[in-house]
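*Asks:* Quick one: this structure, given as structure tokens, is what I'll be asking you about.
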Amino acid sequence: MKEGNLPDWNELWKAGLALNRSTPGFREGAGLWGRREQARQYAARSEPGRVRRVAEILSDLGVSPGDRVLDIGSGPGTLALPLARSGASVTAVDPAEGMLAELRAAAEQEGIGGVTTVRAPWEEIDPDRDLEPPYDRVVASFSLAMPDLRSALAAMDAAASGSVHLYWFADEPLWERLYLALWEDLHGAPYHPKPKADCLFNVLYGMGIYPNVLMRPLDGTTLFPAVEDAVEHFAPRMGAETPEQRAVLGDYLRTHLVRRDDGLALAGLSTYAAIWWRKRG
């Protein structure tokens, strides 16, 4: 195949993300997590697989005391807080003030220093103006919602002096499978999934970055005290606002939640990709 006929993976990513965002009722980022209460519920939700996943990522990063880490899409501090506990200096970037407020509150409560927060989408960040590069580690964990992925990745690579670590979905995670099953019943139109790790890898490859790739199981199991708690958890994500929409969601969850000793579980396994490279030079 001639080079001119090869797909432009960055354009495929853009198109896939635009289709995802065109889904009626869909919200993410600051539109979903801007409120502190929503961010608090996210941080407190019991997800057994999260502990294992965080441990895997921390092992990948191999941070030492004094290292400088840039955490892109930090959320409420899922990685930033344990990294700071280990002695790293962490800059946490997130578009949602609710998430950053939770991160700062948790750091203050634990007496953790060394965490700086920056509120903005990554694509609006000017590293020279808003950050203090270079960083020993740059990490973006399940936060690659940038339409121009090539530019976003180039900026991550430029901000790093050591290595860049990306984590993204290889197939539909549990929550996307839920969306695929219910979105048309809720909104009268199908849900369009986000582009996956194959597209991400090919964008990097086209940039001349040949990363290491490791596939891992992603345990999306989430625990709830009651069905009503599960409805409260998913309703904002799925734009389920009317009583009729919440009833559709509740009926599905009553059928699929499994009672365990530690609560009601919505369980599902998928696969995620751990993608990383060392900065050249």
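Numbering-wise, numbering that gives the first Met the number 0 puts 112 at position 113 of the sequence shown, and it's gapless, one number per residue.
Here a beta-carbon is modelled for each residue, glycine too, at the ideal position from N, C-alpha and C.
In its own chain, which residues sit with a C-beta less than 7 Å from the C-beta of A79, not counting the 5 before and 5 after it?
*Replies:* By 1-based counting over the sequence shown, the position of residue 79 is 80. If we look at A79 and ignore the five residues flanking it on each side, its Cβ neighbours are D70, S73, V89, A91, L102 and V114.
*Asks:* Please classify K1 as buried or exposed, where buried requires at least 16 other C-beta atoms within 10 Å of its C-beta.
*Replies:* The residue given as residue 1 occupies position 2 in the sequence shown. Any reading at K1 must be qualified, since the residue scores a pLDDT of 41, below 50, and its modelled position is unreliable; the value itself is stated next. Label assigned to K1: exposed.
*Asks:* Whose C-alpha, out of G110, H255, D156 and H164, is nearest the C-alpha of W174?
*Replies:* Looking up residue 174 in the sequence shown gives position 175. It is H255.
*Asks:* What is the rounded straight-line gap between the Cα of A229 and the Cα of D127?
*Replies:* Here residue 229 is taken as the residue at index 230 of the sequence shown, counted from 1. Here residue 127 is taken as the residue at index 128 of the sequence shown, counted from 1. Cα-Cα distance, rounded: 42 Å.
*Asks:* Which of the three DSSP states, helix, strand or coil, is assigned to Y41?
*Replies:* Numbered from its first residue, the sequence shown carries residue 41 at position 42. Looking at Y41 - three-state DSSP - the assignment turns out to be helix.
*Asks:* Applying the 10 Å Cβ sphere with the 16-neighbour rule, what's the burial state of V138?
*Replies:* For the purposes of this step, residue 138 is taken as residue 139 along the sequence shown, with counting starting at 1. It is buried - the Cβ of V138 has at least 16 other Cβ atoms within 10 Å.
*Asks:* Taking the beta strand (DSSP E) that N211 belongs to, which residues open and close that run?
*Replies:* Here residue 211 refers to the residue found at position 212 when the sequence shown is read from its first residue. Unbroken beta strand (DSSP E) run through N211: N211 to D218.
*Asks:* Find out if the Cβ-Cβ distance for the pair L148, N19 is shorter than 7 Å.
*Replies:* By 1-based counting over the sequence shown, the position of residue 148 is 149. By 1-based counting over the sequence shown, the position of residue 19 is 20. No.
*Asks:* Would DSSP call R34 helix, strand or coil?
*Replies:* Within the sequence shown, numbered from 1, the residue matching residue 34 stands at position 35. Coil, per DSSP.
*Asks:* W12 and H164 look like a contact to me (Cβ under 8 Å); what is the Cβ gap, rounded to whole Å?
*Replies:* Taking the sequence shown and counting its residues from 1, the one referred to as residue 12 is at position 13. Taking the sequence shown and counting its residues from 1, the one referred to as residue 164 is at position 165. Contact flag wrong, Cβ pair sits at about 19 Å.
*Asks:* So, helix, strand or coil for A14, using DSSP?
*Replies:* Stepping through the sequence shown from its first residue, residue 14 is reached at position 15. Residue state, collapsed to three classes: helix.
*Asks:* Taking all protein chains shown into account, decide if A246 is buried (16 or more other Cβ within 10 angstroms of its Cβ) or exposed.
*Replies:* As a position in the sequence shown, residue 246 is number 247, starting the count at 1. A246 is exposed by the Cβ-count criterion.
*Asks:* Sort out for me which residues DSSP pairs W8 with in a bridge.
*Replies:* Position 9 of the sequence shown holds residue 8. For W8, which the question treats as bridged, DSSP gives no partner whatsoever.
*Asks:* Roughly how many angstroms lie between the CA atoms of V257 and M214, to the nearest whole one?
*Replies:* Along the sequence shown, read from residue 1 onward, the residue named residue 257 stands at position 258. Along the sequence shown, read from residue 1 onward, the residue named residue 214 stands at position 215. Spanning the two alpha carbons is a distance of roughly 27 Å.
*Asks:* Could you please give me the residues that DSSP links to R258 through a beta bridge?
*Replies:* In the sequence shown, counting from the first residue as 1, residue 258 sits at position 259. Note: R258 sits in a beta bridge opposite L263.
*Asks:* Taking only runs of the alpha helix (DSSP H) that begin and end inside the region 158–235, which ones reach a length of at least 4 residues, in chain order?
*Replies:* Segments of the alpha helix (DSSP H) lying fully in the region 158–235: 173–186 and 196–205.
*Asks:* Indicate whether the contact test is met: 3 or more Cβ pairs, each with one atom in the region 223–239 and one in the region 14–28, closer than 8 Å.
*Replies:* Touching, per the Cβ criterion.
*Asks:* Between Y251 and L181, is the Cβ-Cβ spacing less than 7 Å?
*Replies:* For the purposes of this step, residue 251 is taken as residue 252 along the sequence shown, with counting starting at 1. For the purposes of this step, residue 181 is taken as residue 182 along the sequence shown, with counting starting at 1. The answer is yes: Cβ separation under 7 Å.
*Asks:* Could you tell me which residues DSSP pairs with R118 in its beta bridges?
*Replies:* Along the sequence shown, read from residue 1 onward, the residue named residue 118 stands at position 119. R118 is bridged to D93.
*Asks:* Near E36, which residues of its chain fall below 8 Å by C-beta distance, leaving aside the five closest residues on each side in sequence?
*Replies:* Mapped onto the sequence shown, residue 36 falls at position 37. Closer than 8 Å at the Cβ level, and outside the excluded window around E36, lie G97.
*Asks:* Tell me R67's beta-bridge partners as DSSP assigns them.
*Replies:* Residue mapping note: residue 67 aligns to position 68 of the sequence shown, counting from 1. According to DSSP, R67 bridges with S88.
*Asks:* Distance check for T77 and P94, CA to CA, integer angstroms please.
*Replies:* For this step, residue 94 is matched to residue 95 along the sequence shown. For this step, residue 77 is matched to residue 78 along the sequence shown. Going by the C-alpha atoms only, they are around 15 Å apart.
*Asks:* Classify E219 as buried or exposed, calling it buried when 16 or more other Cβ atoms lie within 10 Å of its own Cβ.
*Replies:* For the purposes of this step, residue 219 is identified with residue 220 of the sequence shown, where counting begins at 1. A small correction: the amino acid at residue 219 is Gly; Glu does not occupy that position in the sequence shown. G219 is buried by the Cβ-count criterion.
*Asks:* Over the uninterrupted alpha helix (DSSP H) stretch that includes I56, give me the two end residues.
*Replies:* As a working note, residue 56 is residue 57 in the sequence shown. P47 to L60 is the span of the alpha helix (DSSP H), which, as asked, contains I56.
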